[in-house]
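These protein sequence lines map, in sequence, to chains V and B. Everything in the first sequence is counted per our numbering, starting at 4 for the first residue and increasing by one. Everything in the second sequence is counted per our numbering, starting at 4 for the first residue and increasing by one. Just so it is clear, CB atoms sit at the ideal spot from N, CA and C, and this is done for glycine as well.
Protein chains: 2
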Amino acid sequence: MGLDIENQAVKLAALAHPARLKIVRQLANENACCVKHLVGTTDLAQSTVSQHLKTLLKADLVFYRTEKQASWYEINREEFSQLSKELDLMFKDCCKGCDC
Amino acid sequence: MGLDIENQAVKLAALAHPARLKIVRQLANENACCVKHLVGTTDLAQSTVSQHLKTLLKADLVFYRTEKQASWYEINREEFSQLSKELDLMFKDCCKGCDC
DNA sequence: ATCGTATATCGTCGATATACGATGAAAGGT
DNA sequence: ACCTTTCATCGTATATCGACGATATACGAT
Chain V
4 MGLDIENQAV
14 KLAALAHPAR
24 LKIVRQLANE
34 NACCVKHLVG
44 TTDLAQSTVS
54 QHLKTLLKAD
64 LVFYRTEKQA
74 SWYEINREEF
84 SQLSKELDLM
94 FKDCCKGCDC
Chain B
4 MGLDIENQAV
14 KLAALAHPAR
24 LKIVRQLANE
34 NACCVKHLVG
44 TTDLAQSTVS
54 QHLKTLLKAD
64 LVFYRTEKQA
74 SWYEINREEF
84 SQLSKELDLM
94 FKDCCKGCDC
């Protein structure tokens with residue numbers, strides 16, 4: 004059971020921006036970060052970072068929880084793993100409809 | 004030597020559209036297709052398909068050659084392989100700055 | 001109650017993306 | 001020479017993205 008093509012496109016689009024890639028790397032390194040910390044590691048306004056996080060959240064690439072007055076975003080490794088595998092299969096799938 | 008973050012974003016953006024994902028799958032299955040054939044497998048105008056192919060070409064995800072009056076686009080498996088690997092590393096890279 | 005901190009959302013605006021039809025170039029066939 | 005096929009590019013209309021500042025919300029501290 005793979006992702007449908009629309010869902011794949013949403014996830015890929017969520018990653019298709021340098022700022023969001025940086026955020027994802029940061030999350031991968033620290034597992035979870037609050038927004039203020041991510042604002043510190045990028046040179047973007049807080050509202051812009053929140054917007055990027057919303058994009059990642061909608062694509063299910065991160066988890067979200069609040070703790071006290073802070074919001075914590077955590078990387079969703081399962082989804083990354085699946086996306087990576089599907090990308091790998093995508094270009095290897097050279098034999099649909101033939102016998103090799 | 005990995006791709007820089009801008010290049011990663013360009014490649015991911017090139018894949019972040021259902022029509023281009025379908026085109027890529029078609030190319031993966033048949034290795035190479037001419038434009039007319041790809042127009043037949045999508046429900047888009049020929050000019051739109053050409054535009055999508057240009058996007059994939061700029062991201063180095065496909066090769067291009069002309070043969071007779073046709074243009075052939077071929078999947079670049081090397082680039083897909085690298086992108087897939089980097090995506091895989093991205094979310095696994097939990098240990099930058101520690102010893103594990 | 002008020003203040004300060006952390007975050008989300010809104011409104012705006014320029015830039016980019018996406019779709020189409022029209023047009024033109026290249027090459028093959030008659 | 002002329003027509004057809006195949007494709008790229010241009011022009012245009014519309015939608016979405018990406019950035020910011022301003023504002024709203026939530027909550028802990030004083």
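What residues of chain V sit near residue i, judged by a beta carbon separation below 8 Å?
i, result
"PHE94 of chain B", "VAL27, ALA31, ILE78, ARG80, PHE83, SER84 and SER87"
"ASP46 of chain B", "Under the 8 Å cutoff, chain V gives no residues; its nearest Cβ is about 14 Å from ASP46 of chain B."
Using DSSP with H/G/I as helix, E/B as strand and the rest coil, what is residue i?
i, result
"ALA104 of chain V", "Outside the shown range of chain V, which is 4 to 103, sits residue 104 of chain V, and nothing can be said about it."
"LEU73 of chain B", "The identity of residue 73 of chain B in the sequence shown is Ala, whereas the question assumes Leu. Here ALA73 of chain B sits in strand by DSSP."
"ALA35 of chain B", "strand"
"ASP91 of chain B", "helix"
"LEU6 of chain V", "coil"
"LEU86 of chain V", "helix"
With a threshold of 8 Å between beta-carbons, can residue i be considered close to chain V, or not?
i, result
"ALA19 of chain B", "yes"
For residue i, which residues in chain V fall below 7 Å Cβ to Cβ?
i, result
"LEU24 of chain B", "ILE8, GLN11 and ALA12"
"LEU15 of chain B", "LEU15, LEU18 and ALA19"
Quick one: is residue i near chain B, going by C-beta distance under 8 Å?
i, result
"ASP91 of chain V", "yes"
Contact check, residue i vs residue j under 8 Å by CB: the rounded distance?
i, j, result
"LEU56 of chain B", "ILE26 of chain B", "7 Å"
"ALA22 of chain V", "THR45 of chain V", "6 Å"
"ALA12 of chain B", "ALA19 of chain V", "5 Å"
Please indicate yes or no: does the CB of residue i lie closer than 7 Å to some heavy atom of the ligand NAP?
i, result
"VAL38 of chain B", "With respect to small molecules bound, the structure shown includes none, and the ligand NAP cannot be examined in it."
In chain order, which alpha helix (DSSP H) runs of at least 4 residues are fully inside the stretch 40–84 of chain V? 49–61
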